[in-house]
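Protein sequences, first through last, are from chains A and B.
FYI, in the working numbering the residues of the first sequence are 2 to 277.
FYI, in the working numbering the residues of the second sequence are 58 to 553.
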Amino acid sequence: MMNLNTKTKPTWCPGCYNFQILAGVKNTIAKSGLKKDDFALVTGIGCHAKIFDYLNLNGINTLHGRVLPTCLGVKIGNPNLNVLGFSGDGDAYAEGMAHLIHAARFNSNINYFVHNNQVFALTIGQPTPTTEVGFKDKTTPLGVKTYPINPIRIMLASGASFVARVFADVKQIEYILEEALKHKGFSFIEVIQPCLIFHKETYAQKFYSLDKTGYDKTNFDQAWKKAQEFDYNSVDEKTTIPLGIFYQVEKPVLEEQYPQLADLKKKKIGWKDIKR
Amino acid sequence: MRISILFGGPAGTGPNILTNILGRTLVKQGYFVFYSRDYQSLIRGGHNFNVLTFSDKPIHSNESQVDILVALDKNTEEIHKHELKKKSFVLSGHDENMYYAGRLFKLLGLNFDLLEEEFKELGNRFKENMKEAKEGYDEEKDNLCALKYEKGDSVFMNGNQGLAEGAVKSGIDIYYAYPMTPATSLLGELAERQLEDNLLVLELENEIAVINAGIGSAITGAKTMIGTSGGGFDLMGEGLSLAGMAEIPLVIFLSQRPGPATGVATYTAQGDLNIARHSGHGEFNRVVLAPGDPKECQELTSQSFYLSQVFGIPSIIISDKHLGESFYTVTKKPKITPSRKLTSLTRYNSYEKDEEGSATEDAKIIVANIEARLKKKKEIDNDTKKFDRVKTHGKKNSKNVVVSWGSTKGAILDAIEDLDVEFLQVLYIEPFPQIKKDLEGKNIILVENSATGMLGEVIAEKTGIFIEDKNKILRYDGRPFLHDELKKEIEKRLKK
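The structure is reproduced here in structure tokens:
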């Protein structure tokens with residue numbers, strides 16, 4: 002069995018949903034039949050990024066908001082690597098929003114998880130772009146005045162070829178990472194990951210799986226409608242939150258369109274191995 | 058002999074192609090050619106001009122007066138009439154630019170066959186070009202000089218072509234950029250060569266993406282370079298700091314133009330020395346290399362790749378619009394420093410990290426990491442002593458010394474030809490060479506394309522020697538120094 006552990010003792014809060022994500026990722030990598038060195042890990046800054054310290058894969062714990070361009074650079078550096086990117090909602094939707102839209106446009110074969118807890122947790126509780134109207138903390142005593150963005154719709158509008166949402170549960174993470182690894186192109190996966198301290202809403206009993214409804218994930222119009230079912234803002238007894246793959250289609254993959262990169266892929270090497 | 062020709066006209070009328078044809082022909086005939094470009098930030102119309110100077114002796118700059126004015130419109134004649142000498146030739150009144158090529162070749166005593174060769178190389182519009190040029194050639198009755206025909210093996214190239222050549226010779230794998238004048242032409246040069254030389258060139262959404270993608274590729278072991286101008290370099294600041302912290306080999310091309318902010322987009326300046334030295338938070342290692350001509354562009358690019366790989370550091374090459382886009386006659390082959398790919402994919406971190414590459418807050422590890430980086434700083438200083446970190450030109454051991462860096466080299470070399478002055482050209486801004494002994498007791502004159510004379514600040518910081526304000530020759534109108542004007546300025550400050 003592959004050892005993916007590090008010596009670092011986790012500093013996530015007891016019971017944090019990030020543990021579920023970590024376990025799911027580890028299980029899938031172990032079961033994938035791939036070697037440790039077949040993966041590269043890129044993380045941002047925030048609670049999510051501590052996954053870098055607990056998951057013994059090569060890669061980089063990079064700057065806040067810059068996970069996606071870094072992933073792209075890694076993938077171009079060696080197109081044979083399975084690149085796993087992890088961000089928080091602050092990382093992905095605030096500091097790094099421009100990169101997110103362009104990552105969908107590039108459609109490089111990158112697997113990207115956004116741990117969305119709808120709050121800046123590590124900086125102790127400020128609102129992010131997906132925080133609901135009225136949320137209050139020390140920095141927003143008058144309450145949040147802005148309506149949250151809908152990342153699923155942004156990804157659909159940006160042309161992403163794989164758009165999914167799951168809950169931070171081991172089984173769901175295992176399932177979606179397997180699917181993402183199979184997908185050729187940019188895989189966007191939002192993980193609803195409640196913060197036990199600063200954003201406690203767990204949306205219990207509101208989730209349902211798209212897979213079980215005979216949903217056609219290649220139908221864009223349907224995906225667009227489904228994406229609006231949950232608006233990240235209002236939660237009441239009628240709220241339902243779809244989980245699973247909203248949309249998945251085949252589109253030209255960036256690194257397959259450049260002969261230089263296709264050649265590296267064919268030879269199973271990276272630029273490092275090119276002798277001049 | 059030194060002949061200066063100004064080609065002027067609205068953007069889109071082709072003064073560049075005309076200048077290139079004449080420049081290439083003259084270099085092939087064994088002459089020394091220098092040409093600079095003055096163009097506005099617009100696509101069509103306005104007033105653009107090139108000044109081409111040539112000689113039978115090495116030259117590296119232009120002068121303030123012209124022998125031949127090629128005016129592709131009325132406006133050009135009006136704007137440049139004050140630059141004419143008593144016996145200057147003015148070629149004007151015709152719409153087709155190749156007509157002027159014909160007249161010029163005749164005027165300079167160049168055989169028409171040479172022009173035909175150039176048209177063949179151009180390929181398109183061959184018949185039309187020939188017809189237009191023939192008309193001009195036949196019409197021209199004057200003869201300024203009869204140029205000798207000696208085959209030259211010099212190369213005619215601009216600084217950014219030098220950088221591209223140097224990068225390819227250094228084994229570049231990947232180049233990322235976002236378009237910004239005057240760095241953009243390197244993006245074009247490398248993009249055109251990417252299949253032939255097997256490298257990847259990609260334009261990303263902004264400079265922040267550029268430096269972070271650069272870091273991503275560099276950690277896989279790819280030889281990676283990125284390029285931008287001052288504004289884009291500002292955006293890269295945080296990534297630069299990361300490259301310093303995570304010890305990532307990344308070559309960064311910084312091509313200056315006048316700032317602050319958008320400044321004067323298509324003109325030249327040397328105002329970004331301080332950001333090259335200091336951009337990025339925290340204390341980390343970097344090198345800053347400043348070539349002064351296309352040969353040095355090639356050499357310092359190869360040194361930049363070497364140093365970034367050996368020491369795992371960001372390596373900055375600082376140039377500017379004047380060096381990047383002016384064409385020089387390169388007579389000697391550059392000395393390329395080879396480098397191996399020494400980086401492999403392990404665990405990198407933007408935090409201080411432990412032995413596994415995970416984030417740490419342990420005081421002892423933090424201190425050990427910082428001290429390792431400080432030790433490396435000394436190693437970089439020692440190792441770079443094998444390179445020409447400073448060069449001296451002009452009269453050895455003169456009591457007068459001109460100090461400068463980068464693109465001012467050309468005008469200074471031409472200006473000091475028969476003056477009692479030594480020229481100390483600094484090529485390594487970081488690590489800074491030991492030049493205290495070369496300056497002590499001398500009459501020091503600083504030449505820089507900036508308003509504050511930043512090299513003077515660096516010299517004061519590193520040597521304790523302060524250059525008097527009256528000895529600072531500074532130009533900050535976006536234009537390069539012209540050797541004749543500069544000579545007068547230097548002469549005024551010389552001590553007997």
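Virtual Cβ for every residue (Gly too), placed ideally from N, Cα, C.
Values in this document were obtained by computation on a predicted structure and should not be read as measured data.
Between the CA atoms of residue j and residue i - distance to the nearest angstrom
| i | j | result |
| --- | --- | --- |
| Gln-251/B | Pro-260/A | 10 Å |
| Pro-130/A | Val-258/B | 34 Å |
| Leu-73/A | Tyr-235/B | 15 Å |
| Pro-306/B | Phe-40/A | 21 Å |
| Gly-369/B | Asp-291/B | 22 Å |
| Ile-272/B | Asn-154/B | 46 Å |
| Asn-83/A | Ile-177/A | 15 Å |
| Leu-5/A | Glu-409/B | 21 Å |
| Leu-23/A | Ala-420/B | 28 Å |
| Lys-378/B | Leu-402/B | 36 Å |
| Arg-182/B | Gln-218/B | 26 Å |
| Gln-122/B | Pro-72/B | 18 Å |
| Glu-418/B | Gln-360/B | 35 Å |
| Pro-11/A | Asp-54/A | 8 Å |
Beta-carbon separation (whole angstroms), residue i vs residue j, contact threshold 8 Å
| i | j | result |
| --- | --- | --- |
| Ser-507/B | Gly-328/B | 5 Å |
| Thr-277/B | Asn-79/A | 5 Å |
| His-49/A | Asn-19/A | 7 Å |
| Glu-477/B | Asn-457/B | Note that residue 477/B is Asp in the sequence shown here, rather than Glu. The Cβ separation is near 6 Å, so the contact holds. |
| Leu-399/B | Gln-366/B | 5 Å |
| Val-345/B | Ile-492/B | At roughly 15 Å, the Cβ-Cβ gap does not stay under 8 Å, so Val-345/B and Ile-492/B are not in contact. |
| Tyr-92/B | Asn-105/B | Their Cβ separation, rounded to whole angstroms, is 13 Å, which puts Tyr-92/B and Asn-105/B out of contact at 8 Å. |
| Gln-119/A | Asp-92/A | Rounded, the Cβ-Cβ distance is 13 Å, inconsistent with contact. |
| Thr-285/B | Glu-264/B | 5 Å |
| Ile-111/A | Ala-104/A | 7 Å |
Cβ-based burial, residue i [other Cβ within 10 Å; buried from 16]
| i | result |
| --- | --- |
| Asp-592/B | Any property of residue 592/B remains undetermined from this structure, which presents chain B solely from 58 to 553. |
| Lys-1/A | The question about residue 1/A has no answer here: the residues shown for chain A are numbered 2 through 277. |
| Met-3/A | exposed |
| Val-424/B | exposed |
| Arg-397/B | exposed |
| Arg-101/B | exposed |
Three-state class that DSSP yields for residue i in the structure shown
| i | result |
| --- | --- |
| Val-134/A | coil |
| Glu-260/B | strand |
| Ala-240/B | coil |
| Lys-58/B | A small fix is needed here, since residue 58/B is Met in this sequence, not Lys. In this structure, Met-58/B counts as coil in the three-state DSSP scheme. |
| Ile-193/A | strand |
| Lys-378/B | helix |
| Gln-249/A | strand |
| His-450/B | strand |
| Asp-124/B | strand |
| Trp-272/A | helix |
| Arg-117/B | Per the sequence presented here, residue 117/B reads as His, with Arg not at that position. Of the three classes helix, strand and coil, the one that applies to His-117/B here is coil, per DSSP. |
| Leu-179/B | helix |
| Thr-520/B | helix |
| His-49/A | helix |
| Ala-303/B | coil |
| Tyr-533/B | coil |
| Lys-142/B | strand |
| Tyr-55/A | helix |
| Ile-231/B | strand |
| His-184/A | coil |
| Leu-364/B | helix |
Sequence-distant residues of the same chain with beta carbon closer than 7 Å to residue i, five excluded per side
| i | result |
| --- | --- |
| His-338/B | Ser-298 |
| Leu-197/A | Cys-14, Gly-16 and Cys-17 |
| Thr-71/A | Val-43, Ile-61 and Thr-63 |
| Lys-453/B | Glu-479 |
| Ser-145/B | Val-123, Asp-124, Ile-125 and Leu-126 |
Own chain partners of residue i with C-beta closer than 6 Å, once the 5 adjacent residues on each side are dropped
| i | result |
| --- | --- |
| Ala-190/B | Met-155, Ala-158, Gly-159 and Leu-172 |
| Leu-247/B | Ala-221, Tyr-232 and Val-258 |
| Leu-256/B | Ile-229 and Asp-230 |
| Ser-372/B | Val-308, Val-344, Ser-361, Leu-364 and Ser-365 |
| Gly-216/B | Pro-351, Cys-354, Ser-376, Leu-380 and Gly-381 |
| Phe-87/A | Thr-44, His-49, Ile-52 and Phe-114 |
Same chain only: Cβ atoms within 8 Å of residue i, ignoring 5 sequence neighbours per side
| i | result |
| --- | --- |
| Thr-319/B | Gly-288 |
| Leu-211/A | Lys-218, Lys-227, Pro-243, Leu-244, Gly-245, Ile-246 and Phe-247 |
| Lys-172/A | Gly-25 |
Residue-chain proximity (residue i, chain E), Cβ-Cβ < 9 Å
| i | result |
| --- | --- |
| Gly-215/A | Note that chain E does not occur in the displayed structure, where the protein chains are A and B. |
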